[in-house]
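In the numbering used here, the protein residues as written are 6 to 146.
Beta carbons: idealized from backbone N, C-alpha and C, even for Gly.
Quantities reported herein were computed from a predicted structural model and do not represent experimental measurements.
Data first, discussion second: the structure below is written as structure tokens.
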Amino acid sequence: RLNEFPLYVPLLAECPDDIIPLAEFMLDAANRELKKNVKGFDREVQKRLKTYSWPGNIRELRIIIRRATLLAKDDWITISEMDLPTKCKQPEDYALNDERTERATILKALEAAGNDKKATAKLLGISRSTLYLKLKKFRLK
6 RLNEFPLYVP LLAECPDDII PLAEFMLDAA NRELKKNVKG FDREVQKRLK TYSWPGNIRE
66 LRIIIRRATL LAKDDWITIS EMDLPTKCKQ PEDYALNDER TERATILKAL EAAGNDKKAT
126 AKLLGISRST LYLKLKKFRL K
């Protein structure tokens, strides 16, 4: 039974060091599928990929990389070919980027949201199911 062994899969935005290798893997797949020969991403694109919040996680990354590959005019994908909003990660007041402060941040967001789990998850920039996993992890109610 799956319920007996809970797994925590971090959000893409929680793994910024994994984003570029994943994007390069997806670029290779898009090159094959679209019969293109795009070599990679310029520095500005790499920076944007790492700082974007990725609400759609891996699926959103794959779609954006495929679209950029299709639109690429040269060997390198530039920012003009990326369809990424300029909004970066969640507001710093509620960012979950350090496990040592994560519990306190969740408590602060719960208080700010009046203990409303849906609003808390939105403040934190995570899904409600991820919030429930974190509440369980830190033994919070």
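Quiz item: Can you tell me where the alpha helix (DSSP H) with T74 in it begins and where it stops?
Solution: In the sequence shown, counting from the first residue as 1, residue 74 sits at position 69. For T74, the uninterrupted alpha helix (DSSP H) segment begins and ends at 62 to 76.
Practice problem: Indicate the three-state DSSP secondary structure (helix, strand or coil) for Y57 in the structure shown. | Solution: Working through the sequence shown from its first residue, we reach residue 57 at position 52. Here Y57 sits in strand by DSSP.
Self-check item: Span separating the alpha-carbon of D33 from that of R64
Solution: Here the question's residue 33 lines up with position 28 in the sequence shown. Here the question's residue 64 lines up with position 59 in the sequence shown. One C-alpha to the other measures close to 16 Å.
Quiz item: Which one or two residues does DSSP pair with L82 in a beta bridge?
Solution: Reading the sequence shown from its first residue, position 77 is the one you call residue 82. A small correction: the amino acid at residue 82 is Ile; Leu does not occupy that position in the sequence shown. By DSSP's assignment, I82 forms a beta bridge with F46.
Quiz item: Between T135 and T110, what straight-line distance do the alpha-carbon atoms span, to the nearest angstrom?
Solution: The residue you call residue 135 lines up with position 130 of the sequence shown. The residue you call residue 110 lines up with position 105 of the sequence shown. Rounded to whole angstroms, the gap between the alpha carbons of T135 and T110 is 14 Å.
Self-check item: Straight-line Cα distance separating L75 from N42
Solution: Against the sequence shown, residue 42 aligns to sequence position 37. Against the sequence shown, residue 75 aligns to sequence position 70. Computed Cα separation, rounded: 10 Å.
Exercise. Leaving aside the five residues before and after A118 along the sequence, list all residues of the same chain whose C-beta is less than 7 Å from its C-beta, in chain order.
Key: The residue you call residue 118 lines up with position 113 of the sequence shown. Contacts found: A124, T125, L128.
Exercise. Can you give me the Cβ contacts of K146 inside the same chain, cut-off strictly under 8 Å, excluding the 5 residues immediately before and after it?
Key: Here residue 146 is taken as the residue at index 141 of the sequence shown, counted from 1. Cβ within range, chain order: L140.
Quiz item: Hey, would you say R72 sits closer than 8 Å to D47, going by beta carbons?
Solution: Mapped onto the sequence shown, residue 72 falls at position 67. Mapped onto the sequence shown, residue 47 falls at position 42. No, these two residues do not count as a Cβ contact at 8 Å.
Quiz item: Distance, Cα to Cα, I25 vs R144?
Solution: Numbered from 1 along the sequence shown, position 20 holds the residue referred to as residue 25. Numbered from 1 along the sequence shown, position 139 holds the residue referred to as residue 144. I25 and R144: Cα-Cα distance of roughly 34 Å.
Self-check item: Environment of Y57 [buried if 16+ CB atoms lie within 10 Å]
Solution: Locating residue 57 in the sequence shown gives position 52, counting from the first residue. Classification for Y57: buried.
Quiz item: Where does V14 land, buried or exposed, given buried means 16+ other C-beta within 10 angstroms?
Solution: The sequence position of residue 14 within the sequence shown is 9, counting from 1. That one is exposed.
Practice problem: Check each candidate in F30, K44, W81 and name the one with the smallest Cα separation from I68. | Solution: By one-based count along the sequence shown, residue 68 stands at place 63. Selected option, being the one with the closest Cα: F30.
Quiz item: Alpha carbon to alpha carbon, how far is S132 from P90?
Solution: Reading the sequence shown from its first residue, position 127 is the one you call residue 132. Reading the sequence shown from its first residue, position 85 is the one you call residue 90. Whole-angstrom Cα-Cα distance: 19 Å.
Quiz prompt | Rounded Cβ spacing between L66 and A28 (contact assumed at less than 8 Å) | solution = Here residue 66 is taken as the residue at index 61 of the sequence shown, counted from 1. Here residue 28 is taken as the residue at index 23 of the sequence shown, counted from 1. Contact holds; Cβ gap of about 6 Å.
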